[in-house]
Amino acid sequence: MKKFLALALSVCLTAAVVIGCGSTPAPAPSQAASAASTPAAASAAGLQPADGPVELSLSWWGGDARHEATQKAVDAFTTKYPNITVKTNYGAWTGWEDTMSTALYAGTAQDVDQVNWNWIFNYDNDGKTFVDLNTLSDYIDLTQFNEAALAQCTVNGRLTAIPVAMTGRIFYWNQTTFDEAGIATPTTFDELLAAGETFKTKLGEEYYPLAMNQLDRMIFMVWALECEYGKDWVVDGKLNYSQAEIEDGLALISQLEEAHVIPTMEKVLGDGAESFDKNPKWMEGKYAGIFEWDSSATKMQAALNEGQEFVVGEFLTGFGDYKGGFTKVSLGFSIAESAEYPVESAMLINFLLNEEEGVKLMASERGIPLSKVALQICTDNDLLNPIVAEANGKVLAWCEYNLDPTFEDAKLKSTDGVYYDVMDGLSYGDYDLAEAASILIEGIEATLAAA
Amino acid sequence: MIGVKARNRISTFFKYFVLIVVGFIMVYPLLWMVSATFKSNNEIFSGIGLIPQNPTLDGYRNAMNDYGGDINLLRSMLNTYSYVIPKVIFTILSSAITAYGFGRFDFKGKRILFAVMLSTLFLPQVVLNVPQYLLYNTFGWVDSPWYLALIIPTLFAVDTYFVFMLVQFMRGIPKELDEAAQIDGCNTFQTLVKVIAPMLKPALVSCALFQFMWSSNDFMGPLLYVNTPAKYPAAIFVKLSMDADNGFAWNRVLAISLISIIPSLIVFFAAQNQFIEGISAGSVKG
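Given below as structure tokens:
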């Protein structure tokens, strides 16, 4: 009896260990795939909408306003197509990528997924995760999106996401502080340098016309170098700038610090805030400028204390003869290969991005729409936040260069990544220009080689 | 000369003084959290004072947003407890049985199995996510309305820590009690239920409380296995409004957090005495 019980207990335990650590070779996600393949094959062959009831699923991340707008748009879609029901799944950004990457790997992702731009490179290496949307062009009006944006979403000739909005970095100024200093917001490099001096003498040591953290500095430097040299940062998987050129760019950052244009990293980190929108010095107007994504305008504006005026700046001239800077797809919609009804999924995407009813409900909840018809509808109906629309317009009109998909790789961009190391080291004086440049080059080349 | 009485009084005063000061520092973040629910974003980030300058109730008002009827705060809390309670019960049952096996019986491979079990204690959850997800997916447990992927594993004593803790505690229970029970006619299972389990009570209460707290706070588990907003637990609901791009009102997030931890606090205070007894369990061999 004792022995039997002991045996039973040990079996129970072994089961516990197996389930606990999942050490059994995990069976392939065949169930989901085979369940999906039959009807999908049937409808994909002729690419016709299915007869009878269709159930789609849609996933996205975001905040309250986006959740609400998207739910309304989905309701409008199901009213228009009574045979289709849409199951929605949404959440906040935190942890969302982990969930989605697991689901995409297991083949259980929703049919239509809101995707971050780098996902189509990271999770679709074998081309088996997302549907090639070119095959569904009868149902999604691709002509509404500009070629360059579509090209950014094309991997190995397959269009795996529809770009919803483009975003780029631009200058924002606190007009109130500049008024106090008695100068206009800068439009050229020289004016920016002069503003540093004016701020210091007129307003005090604590005041700076511009504030940039490590990543801001990196993007700013690339922007300035592209203005000067007129070439993409990375071409064909190779860094396109030489050691000397990058030293030039880093010297510019140091120059800005010395001219009291930007606070040193020591000062910024000493403020103890995670980002500028949570930094009291930005709220009070002591930091009077930032270099931020156009889509972040509302957040930065809302962070200012009452009575401060927030304006979109011009791109500064005087850095070179070219219009530097890049735009990137801020997010897109993809259809998972596991989707049972790709045609209806495509119709849903088209409804949300190109059709008047959907566009009006979605408005600028996912950024200023890239789709031409959607932008027209939103402008006609006055649905856009004027500040964001102004910033986005300026970015799209100015920036001429492409973003390399590895630019935002975690090894470079994260807080323990290369950009932070280089910019901190330079600002604290741990690295000289040559050292900082070679560390940066080494880090970028390693990332490019791994991609 | 200071009398003994006066000296005692002074020393008591200083003891209490130090305790009160340190205690206040420890509880300050919690007090700050309560006060921050009445502050605006700018005030939250610009100071650490407790008194809000422009108190607002927006945080609490907006905490009741129901996302188009999909989910609201109350429902998310009910969702949480609808899987936390079964998890707690199953964990106690399975852990106690497994610990009984290890603590009271000799069988072939016991040492190796125990070592294997302990080694899983050091396995980070991140490593398990993908294989577990694939496994549960083949069982059809992902997005199950009954939270199967979260509950069923606890039937198999997967929480090594608890098993280990109970085994240690069981060492302190004299074997003579088992023998006495057997002489009185108990079989092995009855010995566990009638003799060992009552003696284990403080340790079992700690296991239950730990599991209760960990499961209520678990974010990644529900995020992976619950894909229907109507079924979201409070841990996910709290984050629903946190928009990384456009910013969000922190007072609301804090208000939701505050409301959602109330049940946990009540449970903790109710079981406090048992709990503290249980933590020190196994430290002194009796």
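These protein sequence lines map, in sequence, to chains A and B.
Residues 1 to 451 in the working numbering are what the first sequence lists, from first letter to last.
Residues 452 to 737 in the working numbering are what the second sequence lists, from first letter to last.
Ideal Cβ positions, reconstructed from N, Cα and C, are used throughout, including at glycine.
Short check: CB of residue i to CB of residue j, under 9 Å?
| i | j | result |
| --- | --- | --- |
| Gly-289 of chain A | Trp-173 of chain A | yes |
| Ile-368 of chain A | Val-388 of chain A | yes |
| Met-515 of chain B | Asn-505 of chain B | no |
| Glu-292 of chain A | Met-300 of chain A | yes |
| Tyr-90 of chain A | Ser-57 of chain A | no |
| Gly-237 of chain A | Ala-436 of chain A | no |
| Glu-442 of chain A | Arg-66 of chain A | no |
| Ile-602 of chain B | Tyr-534 of chain B | yes |
| Met-568 of chain B | Val-614 of chain B | yes |
| Leu-660 of chain B | Val-718 of chain B | yes |
| Phe-663 of chain B | Ser-711 of chain B | no |
| Asn-702 of chain B | Asn-305 of chain A | no |
| Thr-85 of chain A | Thr-78 of chain A | yes |
| Leu-674 of chain B | Thr-99 of chain A | yes |
| Arg-158 of chain A | Gly-196 of chain A | no |
Name, please, each residue of chain A whose Cβ falls closer than 8 Å to the Cβ of residue i.
| i | result |
| --- | --- |
| Thr-679 of chain B | Lys-87 and Asn-89 |
| Gly-672 of chain B | By Cβ distance, chain A contributes nothing, its closest Cβ being about 11 Å from Gly-672 of chain B, past 8 Å. |
| Asn-430 of chain B | With chain B covering 452 to 737 only, the question about residue 430 of chain B has no answer from this structure. |
| Phe-661 of chain B | The premise fails here: Phe-661 of chain B is roughly 17 Å from chain A at the closest Cβ pair, so nothing lies under 8 Å. |
| Met-484 of chain B | None at all; the shortest Cβ gap to chain A is about 16 Å. |
Where do the ends of the alpha helix (DSSP H) carrying residue i lie?
| i | result |
| --- | --- |
| Asp-113 of chain A | It is not in any alpha helix (DSSP H) - Asp-113 of chain A instead sits in the beta strand (DSSP E) that spans 112-115. |
| Asn-492 of chain B | 492-497 |
| Trp-61 of chain A | Premise fails: Trp-61 of chain A lies in the beta strand (DSSP E), 54-61, not in any alpha helix (DSSP H). |
| Pro-163 of chain A | It is not in any alpha helix (DSSP H) - Pro-163 of chain A instead sits in the beta strand (DSSP E) that spans 162-174. |
| Tyr-467 of chain B | 455-487 |
| Thr-85 of chain A | Premise fails: Thr-85 of chain A lies in the beta strand (DSSP E), 84-91, not in any alpha helix (DSSP H). |
| Val-343 of chain A | 342-353 |
Leaving out five residues on either side along the sequence, give the residues of the same chain with a beta carbon under 7 Å from the beta carbon of residue i.
| i | result |
| --- | --- |
| Ser-527 of chain B | Tyr-683, Pro-684, Ala-685 and Phe-688 |
| Ala-149 of chain A | Pro-163, Met-166, Val-329 and Leu-370 |
| Leu-705 of chain B | Met-484, Ala-487, Thr-488 and Gly-510 |
| Tyr-419 of chain A | Gln-214, Leu-215, Met-218, Leu-412 and Lys-413 |
| Asp-232 of chain A | Asn-240, Tyr-401 and Asn-402 |
| Gly-22 of chain A | For Gly-22 of chain A, the predicted structure reports a pLDDT of 39, less than 50, and the residue's modelled location is therefore unreliable. The matter cannot be settled from this model. |
| Leu-655 of chain B | Ile-543 and Ala-547 |
| Ala-251 of chain A | Leu-433 |
| Met-212 of chain A | Phe-220, Ile-262 and Phe-291 |
Kindly indicate if chain C contains any beta-carbon less than 9 Å away from that of residue i.
| i | result |
| --- | --- |
| Arg-66 of chain A | You won't find chain C in this structure, because its protein chains are A and B. |
So which residues on chain B does residue i lean against when the C-beta distance must stay under 7 Å?
| i | result |
| --- | --- |
| Ser-295 of chain A | Asp-696 |
| Tyr-105 of chain A | Val-581 |
| Gln-71 of chain A | Gly-519 |
| Pro-386 of chain A | The premise fails here: Pro-386 of chain A is roughly 15 Å from chain B at the closest Cβ pair, so nothing lies under 7 Å. |
| Ala-273 of chain A | Phe-496 |
| Trp-93 of chain A | Ala-695 |
For residue i, which residues of its own chain have a beta-carbon under 8 Å away from its beta-carbon, when the five flanking residues on both sides are left out?
| i | result |
| --- | --- |
| Ala-32 of chain A | Any reading at Ala-32 of chain A is ruled out, since the residue's pLDDT is 39, under 50, leaving its predicted position unreliable. |
Starting from residue i, find everything on chain B with Cβ-Cβ shorter than 8 Å and list it in chain order.
| i | result |
| --- | --- |
| Lys-299 of chain A | Asp-696, Asn-697 and Gly-698 |
| Met-283 of chain A | Asn-493, Phe-496 and Ser-497 |
| Asp-277 of chain A | Gly-698 |
Spatial neighbours of residue i within its chain, please: CB distance less than 6 Å, with the 5 preceding and 5 following residues excluded, ordered by chain position.
| i | result |
| --- | --- |
| Pro-25 of chain A | Model confidence at Pro-25 of chain A stands at a pLDDT of 38, short of 50, so the residue's coordinates are unreliable; what they give is reported in the following sentence. Closer than 6 Å at the Cβ level, and outside the excluded window around Pro-25 of chain A, lies no residue. |
| Asp-210 of chain A | The residue asked about is misnamed: residue 210 of chain A is Leu in this sequence, not Asp. Result list for Leu-210 of chain A: Val-261, Ile-262 and Gly-289, in chain order. |
| Asn-279 of chain A | Asp-271 and Ala-273 |
| Ala-297 of chain A | Ile-387, Val-388 and Ala-391 |
| Ser-462 of chain B | none |
| Thr-605 of chain B | Lys-538, Phe-541 and Thr-542 |
If residue i sits next to residue j, beta carbons under 8 Å apart, how far is it from one beta carbon to the other, in whole angstroms?
| i | j | result |
| --- | --- | --- |
| Ala-550 of chain B | Val-618 of chain B | 5 Å |
| Thr-198 of chain A | Glu-309 of chain A | Contact doesn't hold; Cβ gap of about 18 Å is too wide. |
| Val-115 of chain A | Gly-332 of chain A | 5 Å |
| Phe-145 of chain A | Ser-334 of chain A | Phe-145 of chain A to Ser-334 of chain A, Cβ: 14 Å. No contact. |
| Asn-381 of chain A | Lys-360 of chain A | 6 Å |
| Ser-657 of chain B | Phe-726 of chain B | 6 Å |
| Phe-553 of chain B | Lys-561 of chain B | 7 Å |
| Tyr-676 of chain B | Ala-600 of chain B | 4 Å |
Give the residues of chain B in contact with residue i, contact being defined as C-beta atoms less than 9 Å apart.
| i | result |
| --- | --- |
| Ala-303 of chain A | Asn-492, Asn-493, Phe-496 and Gly-698 |
| Pro-263 of chain A | Chain B residues near Pro-263 of chain A: none, gap ~17 Å exceeds 9 Å. |
| Thr-177 of chain A | Per Cβ cutoff of 9 Å: no residues; Thr-177 of chain A is ~16 Å from chain B at best. |
| Pro-280 of chain A | Asn-493, Phe-496, Ser-497 and Gly-498 |
| Asp-98 of chain A | Val-577, Asn-580, Met-671, Leu-674 and Leu-675 |
Check for me: the beta strand (DSSP E) holding residue i runs from which residue to which?
| i | result |
| --- | --- |
| Lys-328 of chain A | 326-335 |
| Thr-406 of chain A | Premise fails: Thr-406 of chain A is in no beta strand (DSSP E) and is neither H nor E. |
| Gly-289 of chain A | 289-293 |
Could you tell me which chain A residues have their CB closer than 7 Å to the CB of residue i, listed as they occur along the chain?
| i | result |
| --- | --- |
| Tyr-584 of chain B | Thr-102 and Ala-106 |
| Ser-692 of chain B | Gly-63 and Asp-64 |
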